[in-house]
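As structure tokens, the structure follows; a few thoughts come after it.
Numbering (my numbering), first residue to last: 18 to 175.
Below is the structure:
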């Protein structure tokens, strides 16, 4: 086997290991984050990560309708509708209508939803800082390559 082929195989193995470690990390992190949320805002309902990100999407773009949420999060409108209904029943979001369009339903965060959105945003800022600290070990040219690599991987899996 050529050296090039061996390196490619090793990269693939490292990539698979990375994905597994990342999944385990995210599971630990999301469990800890959800538990922390329960303590901070005494939530009764259980939220999964998609529901939490739906709250974030609404918070970033409110007022926003189901179609825009679905497009923004790359979800089906049916799934998005189910999620927003659950969030509505739990008191995280409320329905609203725009003055110029009484037919279409838009969503806004409630006061509780805004608190949750702020906590979630703070969490993402900390994760971004953590990633930035990790990336400090690389030179500018290495960072350019890493950026290109992850862009190419995103395209590859799209």
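Even for Gly, the Cβ is constructed at its ideal location relative to N, Cα and C.
Tell whether a beta-carbon distance below 9 Å holds between residue i and residue j.
i           : j           : result
residue 135 : residue 108 : no
residue 45  : residue 80  : no
residue 105 : residue 112 : yes
residue 92  : residue 133 : no
residue 110 : residue 75  : yes
residue 101 : residue 71  : yes
So residue i and residue j are in contact, right, with Cβ under 8 Å, and what is the actual spacing, rounded?
i          : j           : result
residue 49 : residue 137 : The Cβ separation is near 13 Å, so there is no contact.
To the nearest angstrom, report how far apart residue i and residue j are at their CA atoms.
i           : j           : result
residue 28  : residue 119 : 55 Å
residue 54  : residue 99  : 22 Å
residue 144 : residue 167 : 18 Å
residue 96  : residue 63  : 17 Å
residue 170 : residue 117 : 43 Å
residue 83  : residue 77  : 14 Å
residue 142 : residue 39  : 18 Å
residue 42  : residue 21  : 31 Å
Across which residues does DSSP place residue i in a beta bridge pair?
i           : result
residue 110 : 126
residue 115 : 118
Counting only the same chain and skipping the five closest in sequence on each side, list residues whose C-beta sits under 8 Å from that of residue i.
i           : result
residue 149 : none
residue 152 : 160, 163
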